Every structure is written in C-alpha cells, then in structure tokens.
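FYI, the numbering for the sequence shown is -20 to -1, 1 to 242, going by mature numbering (1 follows the signal peptide of the UniProt record, and there is no 0).
Here a beta-carbon is modelled for each residue, glycine too, at the ideal position from N, C-alpha and C.
Keep in mind it's a predicted model, so treat the numbers as computed, not measured.
Take a look at the structure set out below.
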Amino acid sequence: MRIPILLLLACLLPGPVALAQTAPVPQVKVDATRDPVDKSYRKMLQGVDRFERDRALAPQASLRFRLLPRQPGVDMTGVQLRIAGDTVSIPLPLAEDNSFAPVRNAQAAREDAVLIANRKATTMSWRAQVITPGLPPGTRRLGDLRLECRAGMDSGLISNDPQIIAWLSSMLYSTDKVCSEPDGNYLFFTDRPLFGVTLVHGERRMALPFRMLYAGGEQTPASLPYCDCQVLLDRTYYAPLWDASWPDDTLLEFTYMDEVVP
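Okay, here's the thing in structure tokens:
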C-alpha cells in the first residue's frame, strides 16, 4: 500500500567507474548562490562503494551522477559543481548531459565535504546513473536499474531533503527495502516524455501498467514539490526491481510521446 510519506521519500534525486585515488586539489570559483544545492560527499562515496560491491548486477556498466531540473524554467546550462570542504575545493567537470564521474579524495572525506552547485537547493535533482554500453537505442537494462537504485539510495539522493525527511528515510526506508520490495517506488527518468514501457526478455514481453508510469499517477499539487519528478512527471517510471522472474538482462523498451502517430 502506498502512503503519502512513501511518495515523499521514494521520489528520489557508464566500463568500470574511474576513481582517482588521490585527486588533485585545484581551486575553482563557483558563483555564490543563496541556499545552494548540496549533497554529502561521504554519502556519495557510500554510493560508489555500493556500486562496486554489487557490480554483478551490471558487470559492464559504469557509474556516473547526473543533475536534472526540478522546476519549470530552470536553466541547466553553465552549471558548475565542486567538492567543498574546510580546506579543499575540487571542481567536478560536467558532461553535456550534466553528469559527472565520481572522484575519491581522502582529505575531502575526512573534512566531511559537500558537493555544491551554483543553483538553489530546490531547482535541481541528483541521480545515480548506471548504464551498460552497447544497448539498443531507446532501452535500459534491468540489472543496470537495480544497481542504479542501490547506488542512488546509498548516495542519499532523496527528494527535497529537509532533516525530518532524511531522518524518516534512514529509519524506515533502507536501500534494501526500497530497491528490493514492490512498494519501494524508486523513480527512474527518461530524457523524453513517455508513452509506454515494455519489458522484454527472449520471447517474453510485458507492457508496464499505467500505475508504473508518471510516478504512479498519485502526485497531487501538495506532494509534487517534494518529488524529484516535479517538472519531469511525464518522463518517470517505476521498474520491477523486486521481480526475480525478470532477470538482469531484461531490457526495458521505451515508446515516447513524440513517436506516437495521432
């Protein structure tokens, strides 16, 4: 049974992952922003550790983290991101899709640094991104999504994380529960508005029901601001991470709104 607090908590924010064991400590200037987006660097490293431990789910995949817009009109061009501690300031270069590779830095971890961007806290979502190379266009691999959920949860990528929500999340919704049970409700995103999603493994095919699209159709004006899907609602879907009858090599095939002939 889905309950409101579950919606608030479960709507969260590719080759081996390249991790610099001793990252350089260059200085980078990020324009000052009141109430900036930030995430715990130590928590991000926990997500990286989880990715490494559970690599069997997606042995050819890599891990990145990605920034997505939360609100209408958010300008995602020119985003600058850095690891900021008491004495360290490490720039994290962003790809065109606003994703970045994780970097290990022992000093930043000791200083309990944060990842900080030049955007306000409620304007962007943070996601883990696990992608096996060479998949057909318009598809994702289920094992990738299973690992993406685990890395994302361990990284603390929680929607609109006021302290009370973060506390409830740690008390009630562990990574294993969210990523291994039917009511876990970890949201995934596509880059374009969705029309439908089909699971495919060999000759077996199954279209995901409506309740697994568009954040389950359960968002309300009151709950939407607490969901990473706030401006991306038509791009969201749940995947059957818990269903062992669909193996890790199962593909999810996406049909997009702009592909449907009127």
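As computed with DSSP, Val83 is found in no beta bridge at all. Pro205 carries a helical assignment under DSSP once its states are collapsed to helix, strand and coil.
Take the alpha-carbon of Phe234 and the one of Glu91: they are about 43 angstroms apart. In the DSSP assignment, Tyr218 falls outside any alpha helix (DSSP H) and carries neither an H nor an E.
Looking at Val211, Thr67, Arg44 and Met104, the one whose alpha-carbon comes closest to that of Glu128 is Arg44. Nearest C-alpha to Asn85 among Pro227, Val28 and Arg121: Val28. Rounded to the nearest angstrom, the gap between the Cα atoms of Gly197 and Phe169 is 15 angstroms. Counting the other Cβ atoms within 10 Å of the Cβ of Met104 gives 16 or more, which makes it buried.
Looking from the CA of Ile96, the closest CA among Pro220, Pro189, Ser20 and Tyr194 belongs to Ser20.
For Met186, the pairing in a beta bridge is given by DSSP as Leu179. Counted as a single uninterrupted DSSP element, the stretch harbouring Glu128 is not any beta strand (DSSP E) but the alpha helix (DSSP H) occupying residues Leu122 to Asp134.
Nearest to Val110 by alpha-carbon distance, out of Asp228, Val240, Gly182 and Gln210, is Asp228. By a beta-carbon distance limit of 8 angstroms, Val177 contacts Leu188. Their separation comes to about 4 angstroms. Looking at the DSSP output, Pro49 bridges to Met104. Just measuring C-alpha positions, the residue of Met192, Ala93, Thr155 and Ala108 sitting nearest Leu213 is Met192.
A buried status is given to Pro82, since no fewer than 16 other beta-carbon atoms sit within 10 Å of its beta-carbon.
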